[in-house]
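A.B. asks: Before I ask anything, here is the structure I am working with.
2 protein chains.
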Amino acid sequence: MEQYPEQLNGIFQALADPTRRAVLRRLGKGPASISELAEPFDMALPSFMKHIHLLEESGWIQTHKEGRVRTCTIEKKSFAAVEEWLSEQRALWEGRTDRLELFVTAVQKKEKSK
Amino acid sequence: MEQYPEQLNGIFQALADPTRRAVLRRLGKGPASISELAEPFDMALPSFMKHIHLLEESGWIQTHKEGRVRTCTIEKKSFAAVEEWLSEQRALWEGRTDRLELFVTAVQKKEKSK
């Protein structure tokens with residue numbers, strides 16, 4: 051079972067947008083100010099800030115204001131949550147493949163012994 | 051750069067809901083009919099079908115109708131798309147850590163040689 055379904059909703063929702071994914075990609079390289087982050091996008095600042103707020107609320111980034119500059123930092127634990135979800139799925143899938151392999155091997159042995 | 055941003059939007063959007071994640075978890079164990087999938091949820095069928103359609107449109111599942119039964123199968127390639135996105139992010143992150151380590155080591159050497 052999922053441990054934090056509410057958090058996962060927000061985590062995946064945040065990733066469902068190319069601007070937000072691009073911001074995360076940039077922040078993967080290190081912290082950046084809002085104006086640095088906004089620069090590559092042809093977008094009004096209020097629209098861009100909505101993306102920043104969504105990333106912050108979902109737990110993907112932390113922001114910190116010093117003077118007039120707000121700096122954003124990525125939260126590694128959100129990646130860990132996605133990785134955990136993926137590996138849970140993979141385990142289910144692989145478990146299924148293992149059972150299928152066992153079944154096929156059993157059938158082949160039966161065929162040979164005929 | 052992302053190869054298929056549009057597809058990733060749909061892939062992540064589909065994961066932003068606990069019902070859809072539960073359906074994928076179930077399908078990870080093997081194909082299932084719509085009625086089997088709907089059974090654990092206290093949800094009207096039309097509402098449940100919206101989730102199924104969203105999973106199908108985003109490429110997470112395939113459905114196949116035989117007689118009156120529609121069977122759903124999971125699409126492994128969507129997991130691969132999420133994994134690819136994650137490993138791209140991880141590479142950025144690790145690249146950054148490597149550079150930081152190189153920097154710290156260089157500083158330590160400099161300090162020692164003083």
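Chains A and B, in that order, give the protein sequences. Quick note, my numbering runs 50 ahead of the 1-based positions in the first sequence. Quick note, my numbering runs 50 ahead of the 1-based positions in the second sequence. We treat Cβ as the ideally placed atom computed from N, Cα and C, and that holds for glycine.
Opposite I111 of chain A in the DSSP bridges: which residues?
C.D. replies: For I111 of chain A, which the question treats as bridged, DSSP gives the partners A:I124.
A.B. asks: For R76 of chain A, I'd like the list of residues in its chain whose CB is within less than 7 angstroms of its CB, leaving aside the five on either flank, ordered along the chain.
C.D. replies: Cβ neighbours of R76 of chain A beyond the five flanking positions: A82 and L87.
A.B. asks: Can a CB atom of chain A be found closer than 8 angstroms to the CB of V73 of chain B?
C.D. replies: No - not a single Cβ of chain A is within 8 angstroms of the one on V73 of chain B.
A.B. asks: Could you give the residue range of the alpha helix (DSSP H) that holds F35 of chain A?
C.D. replies: For residue 35 of chain A there is no data in the structure shown, the boundaries of chain A being 51 and 164.
A.B. asks: Would F62 of chain B pass as a contact of L65 of chain A if the rule is Cβ separation under 8 angstroms?
C.D. replies: Yes. Within cutoff.
A.B. asks: Would you check if there are 3 or more beta carbon pairs closer than 8 angstroms linking the segment 94-109 of chain B to the segment 123-138 of chain B?
C.D. replies: Yes: the two stretches touch, three or more of their Cβ pairs being nearer than 8 angstroms.
A.B. asks: Determine the chain B residues that contact L58 of chain A at a beta-carbon separation under 9 angstroms, and present them in chain order.
C.D. replies: Those are L65, A66, P68 and R71, listed as they occur along chain B.
A.B. asks: Taking C-beta pairs closer than 7 angstroms, name the residues in chain A that E133 of chain B reaches, listed in chain order.
C.D. replies: Neighbours of E133 of chain B on chain A, chain order: L136.
A.B. asks: Decide if R118 of chain B is buried, meaning its Cβ has at least 16 other Cβ atoms within 10 Å, or exposed.
C.D. replies: Exposed, by the Cβ-count rule.
A.B. asks: Looking only at DSSP bridge pairs, what is V73 of chain B linked to?
C.D. replies: Note: V73 of chain B sits in no beta bridge, so no partner.
A.B. asks: Go to T94 of chain A, then tell me how far its alpha helix (DSSP H) extends in each direction, as first and last residue.
C.D. replies: Thr is not the amino acid found at residue 94 of chain A; the sequence shown has Ala there. Careful: A94 of chain A lies outside any alpha helix (DSSP H) and carries neither H nor E.
A.B. asks: Would T69 of chain A and F91 of chain A be called neighbours here (beta carbons separated by less than 8 angstroms)?
C.D. replies: Yes. Within cutoff.
A.B. asks: Listed in chain order, which residues of the segment 83-95 of chain A have Cβ atoms closer than 7 angstroms to some Cβ of chain B?
C.D. replies: Listed by position, the residues of the segment 83-95 of chain A near chain B (Cβ gap below 7 angstroms) amount to none.
A.B. asks: Does any CB atom of chain B fall closer than 8 angstroms to the CB of W143 of chain A?
C.D. replies: Yes, contact with chain B.
A.B. asks: Just the chain B side, please: which residues come within less than 7 angstroms of F62 of chain A by C-beta, in chain order?
C.D. replies: Residues of chain B passing the Cβ test: F62, L65 and A66.
A.B. asks: At the 8 angstroms Cβ level, is Q158 of chain A part of the contact set with chain B, yes or no?
C.D. replies: Chain B, which has no Cβ nearer than 8 angstroms to the Cβ of Q158 of chain A, makes this no.
A.B. asks: Which chain A residues sit within Cβ distance under 8 angstroms of Q112 of chain B?
C.D. replies: Simply none; closest approach about 15 angstroms.
A.B. asks: Measuring only the C-alpha atoms, how far is K126 of chain B from A156 of chain B?
C.D. replies: Taking the straight line from one Cα to the other gives about 44 angstroms.
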